[in-house]
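Going by this note's numbering, the sequence shown opens with residue 5, and the numbers climb by one from there.
Note that CB positions come from ideal geometry on N, CA and C, so glycine has one too.
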Amino acid sequence: VLIAIEIFVNITLYLRDDVIHVKLVIATALMAIARKVIVLDLSTLEPMYLFAIGVIVLALGVTYWMVSLRPDK
Numbered sequence: 005v006l007i008a009i010e011i012f013v014n015i016t017l018y019l020r021d022d023v024i025h026v027k028l029v030i031a032t033a034l035m036a037i038a039r040k041v042i043v044l045d046l047s048t049l050e051p052m053y054l055f056a057i058g059v060i061v062l063a064l065g066v067t068y069w070m071v072s073l074r075p076d077k
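Written out as structure tokens, the structure is:
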């Protein structure tokens with residue numbers, strides 16, 4: 005439900021400002037992958053799949069941090 009709300013907020017912001025808000029899109033992706041990690045069944049996963057999800061989480065986290073450092077105009 006939270007991801008659907010975030011996507012709805014993304015759409016309304018885009019329609020209002022006609023600009024894609026990158027920080028909000030990255031936050032939505034982080035929330036989606038965090039939900040995926042919470043529901044994972046570790047007993048059936050291959051190690052490479054878990055490693056790939058870890059890399060995705062790390063990449064999204066670093067990207068969000070870098071976007072947050074950028075001063076707003």
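Nonlocal neighbours in the same chain, by C-beta distance under 7 Å from L17, ignoring five residues either side: H25 and L28
In chain order, what residues of the same chain lie with their CB nearer than 8 Å to the CB of V71, ignoring the 5 residues before and after it? V26, K27 and I30
Buried or exposed for T48, please, with buried defined as at least 16 other CB atoms from any protein chain shown within 10 angstroms of its CB. exposed
Taking 6 Å as the cut-off, is the beta-carbon of V41 closer than that to any non-hydrogen atom of the ligand MG? The ligand MG is absent from the structure shown, which contains no ligands of any kind.
Using a threshold of 7 Å, state whether the C-beta atoms of L64 and A33 are closer than that. yes
Got a sec? Which residues, its chain only, sit under 6 Å from F12 by beta carbon, not counting five neighbours each side? Excluding residues within five positions, none has a Cβ falling inside 6 Å.
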